[in-house]
Amino acid sequence: MKIECPACSASGNIDESKVPEEGRRVVCPRCSTHFDVRKERTGAEIIQQRQRMVCPKCGCEQPLLETCAICGIVIKHYIQTRVRQQEKERLEFVRLRTATRDVDAWYSNLFDRRISSLVVRVLSLLVLLGLFMTCSMNSAKRNRFYAEHTAELRKSTEGNSANRSSERNDSVFADRFGTAVDLIISNTDACIGQNYNYKTSWYQNSQPCFLTESLSNNLSRINLQRREAESAVNRLPTPSRKYQACHVTIKEMANLNRQVCGMANDYKTHYQDFSERLSNFNFEFSRLKAELNECTNGIK
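Numbering (the numbering used here), first residue to last: 123 to 422.
Pasting the structure below:
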């Protein structure tokens with residue numbers, strides 16, 4: 123057996139039978155270096171040493187043997203059992219996939235049927251909607267036609283009614299106007315006279331403002347006439363433009379009557395501008411009285 127020193131590369135021969143299996147330590151005769159010498163291994167031994175495996179159960183790497191040195195399983199039997207289990211799982215997976223495909227196909231057919239049914243329903247709904255819209259349009263046209271002709275008829279009827287009503291109001295207004303004018307003028311004149319009595323006794327002579335028996339009786343009579351005059355004016359209907367000016371004038375006279383008679387009833391109040399108020403009332407009364415007389419003559 124040939125050996126070589128790793129330090130000085132000196133070579134030599136040694137009897138291989140004298141080298142044990144675990145090796146032997148020798149000394150180089152040239153450089154005195156100590157090194158180990160082992161027997162040379164054959165190719166089969168080297169291949170067997172190099173062949174290693176990983177246990178399929180515990181995962182430990184070890185030489186190729188029939189039994190795992192760590193967990194003690196028989197490698198061949200464990201692998202066969204595992205292969206059978208994997209085959210069983212594969213068959214179960216194939217069965218489930220086939221069943222899933224059948225279910226998917228059933229749902230696909232159901233979806234197709236639902237789509238067809240939905241399309242039919244939508245088309246039916248569109249047809250019904252079209253019929254409804256057609257009927258609605260025809261009904262709307264018919265109603266509009268009736269409404270237009272009814273509106274024209276109503277306008278003509280209202281016009282005739284308005285004309286007849288206006289003529290009737292004018293007739294009633296003309297009949298009642300004279301009486302209302304006489305009552306409102308008479309009562310306003312009486313209220314102005316009552317206020318002049320206040321002016322003479324209280325404002326000019328500085329007497330206490332209380333009603334004598336004659337003034338009290340006169341005021342009561344004036345108030346009765348006032349209610350009668352207001353009722354007569356309120357009963358006058360609204361006339362047409364023909365008598366509109368007269369209607370406005372008598373309303374102004376009624377407003378003046380409320381002011382003058384109101385001051386006559388408010389005799390306890392001392393007005394600083396009493397004379398000026400009476401003058402204005404008297405002037406306005408004369409103007410309205412003249413206009414009402416013209417209206418009365420025109421209506422007659």
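Heads up, the beta-carbon is just placed ideally off N, CA and C, and yes, glycines get one too.
Are the stretch 294-307 and the stretch 358-366 touching, with three or more C-beta to C-beta distances below 8 Å? In this structure the stretch 294-307 touches the stretch 358-366; the number of beta carbon pairs closer than 8 Å is three or more.
Enclosing beta strand (DSSP E) for His156 [first to last residue]: Locating residue 156 in the sequence shown gives position 34, where the first residue counts as 1. 156-159 is the extent of the beta strand (DSSP E) around His156.
With a threshold of 16 other CB atoms inside 10 Å of the CB of Pro429, please say whether the residue is buried or exposed. Given that the chain is displayed from residue 123 to residue 422, the structure contains no residue 429 and the question cannot be resolved.
Quick check on the DSSP output: what are the complete beta strand (DSSP E) runs of length 3 or more inside the stretch 183-271, in order along the chain? Qualifying beta strand (DSSP E) stretches, in chain order: 183-185.
Could you tell me which residues DSSP puts in a beta bridge with Gly134? If you number the sequence shown from 1, residue 134 lands on position 12. According to DSSP, residue pairing for Gly134 in a beta bridge involves Ile125.
Grab me the residues of Glu270's own chain with a C-beta within less than 6 Å of its C-beta, minus the 5 sequence neighbours each way, in chain order. Stepping through the sequence shown from its first residue, residue 270 is reached at position 148. Excluding positions up to five away in sequence, the list is empty.
Go to Arg146, then tell me how far its beta strand (DSSP E) extends in each direction, as first and last residue. Taking the first residue of the sequence shown as 1, we reach residue 146 at position 24. 146-149 is the extent of the beta strand (DSSP E) around Arg146.
Distance, Cα to Cα, Arg331 vs Ser323? In the sequence shown, counting from the first residue as 1, residue 331 sits at position 209. In the sequence shown, counting from the first residue as 1, residue 323 sits at position 201. It should be noted that the sequence gives Cys, not Arg, for residue 331. Each residue's alpha carbon lies about 8 Å from the other.
Helix, strand or coil at Val303 [DSSP, three-state]: Here residue 303 refers to the residue found at position 181 of the sequence shown. Here Val303 sits in helix by DSSP.
For Phe405, is the classification buried or exposed, using 16 other Cβ atoms within 10 angstroms of its Cβ as the cut-off for buried? Within the sequence shown, residue 405 is the residue found at index 283, counting from 1. The residue is exposed, with fewer than 16 neighbouring Cβ atoms inside 10 Å.
With C-beta atoms as the reference, is Gln316 less than 7 Å away from Ala386? By 1-based counting over the sequence shown, the position of residue 316 is 194. By 1-based counting over the sequence shown, the position of residue 386 is 264. It is a contact, given that the beta carbons lie within the stated cut-off.
Enumerate in chain order the residues of its own chain whose CB-to-CB distance from Phe396 is below 7 Å, with the five nearest sequence positions on each side excluded. By 1-based counting over the sequence shown, the position of residue 396 is 274. Excluding the 5 residues flanking it on each side, Phe396 has same chain C-beta neighbours closer than 7 Å at Lys321, Tyr325, in chain order.
Supposed contact pair Pro359 and Val294 - C-beta distance, whole angstroms, cut 8 Å: What you label residue 294 is simply residue 172 of the sequence shown in a count that begins at 1. What you label residue 359 is simply residue 237 of the sequence shown in a count that begins at 1. Indeed they touch by this definition, with Cβ atoms about 5 Å apart.
Run through DSSP, which three-state label would Arg152 get? In the sequence shown, counting from the first residue as 1, residue 152 sits at position 30. Three-state result, Arg152: coil.
With a threshold of 8 Å on Cβ separation, who are the neighbours of Cys130 within its own chain once the five nearest residues in sequence on each side are excluded? On the sequence shown, position 8 is the one that residue 130 refers to. So the list reads Cys150, Arg152, Cys153, Thr155, once near-sequence residues are dropped.
Out of Asn309, Val148, Thr418, which has the shortest C-alpha to C-alpha gap to Asn340? Position 218 of the sequence shown holds residue 340. Closest by alpha carbon: Asn309.
Can you tell me whether Arg343 is helix, strand or coil according to DSSP? Here residue 343 is taken as the residue at index 221 of the sequence shown, counted from 1. Helix at Arg343.
Can you tell me the Cβ-Cβ gap for Cys313 and Val355, rounded? I've got them flagged as a contact below 8 Å. The count along the sequence shown starts at 1 and reaches residue 313 at position 191. The count along the sequence shown starts at 1 and reaches residue 355 at position 233. Between Val355 and Cys313 the Cβ distance is about 15 Å, and since that is not below 8 Å, they are no contact.
Sequence-distant residues of the same chain with beta carbon closer than 8 Å to His199, five excluded per side: For the purposes of this step, residue 199 is identified with residue 77 of the sequence shown, where counting begins at 1. Excluding sequence neighbours, His199 sits near nothing in its chain.
Contact defined as beta carbons within less than 8 Å: I believe Lys161 pairs with Val141. What is the distance between those atoms, to the nearest angstrom? Taking the sequence shown and counting its residues from 1, one reaches residue 161 at position 39. Taking the sequence shown and counting its residues from 1, one reaches residue 141 at position 19. Indeed, because the Cβ distance is near 5 Å, the residues count as touching under 8 Å.
Report all residues from its chain with a CB closer than 6 Å to the CB of Gly384; omit the five preceding and five following residues, and keep chain order. As a first step, residue 384 must be located in the sequence shown, where it is residue number 262. Apart from sequence neighbours up to five positions away, no residue of its chain approaches Gly384 with a beta-carbon distance below 6 Å.
Looking at the structure shown, is Val141 part of a helix, part of a strand, or coil, going by DSSP? Within the sequence shown, residue 141 is the residue found at index 19, counting from 1. Residue state, collapsed to three classes: coil.
Residue environment, Cys180, which counts as buried when at least 16 other CB atoms sit within 10 Å: Counting from one through the sequence shown, the residue named residue 180 turns up at place 58. Exposed.
For Lys364, name the three-state secondary structure that DSSP assigns. Taking the first residue of the sequence shown as position 1, residue 364 is located at position 242. Lys364 sits in a helix when the DSSP states are folded into three classes.
So, with DSSP's three-state summary, where would you put Cys383? Counting from 1 along the sequence shown, the entry for residue 383 is found at position 261. Looking at Cys383 - three-state DSSP - the assignment turns out to be helix.
Only counting the same chain, and skipping five residues up and downstream in sequence, which positions put a Cβ closer than 7 Å to that of Gly145? Within the sequence shown, the letter at position 23 stands for residue 145. If we look at Gly145 and ignore the five residues flanking it on each side, its Cβ neighbours are Asp158, Val159, Arg160.
Just to confirm my understanding: we take Arg357, look at its own chain, exclude 5 residues before and 5 after, and list those with CB closer than 7 Å. What are they? Taking the sequence shown and counting its residues from 1, the one referred to as residue 357 is at position 235. Counting only Cβ-Cβ distances below 7 Å, and skipping sequence neighbours, we find Arg298.
Reference Lys411; option with closest CA among Arg147, Leu378, Lys210: For this step, residue 411 is matched to residue 289 along the sequence shown. Of Arg147, Leu378, Lys210, the residue nearest in Cα terms is Leu378.
Buried or exposed for Arg206, please, with buried defined as at least 16 other CB atoms from any protein chain shown within 10 angstroms of its CB. In the sequence shown, residue 206 corresponds to position 84, counting from 1. The residue in question, Arg206, is exposed, as its Cβ has fewer than 16 Cβ neighbours within 10 Å.
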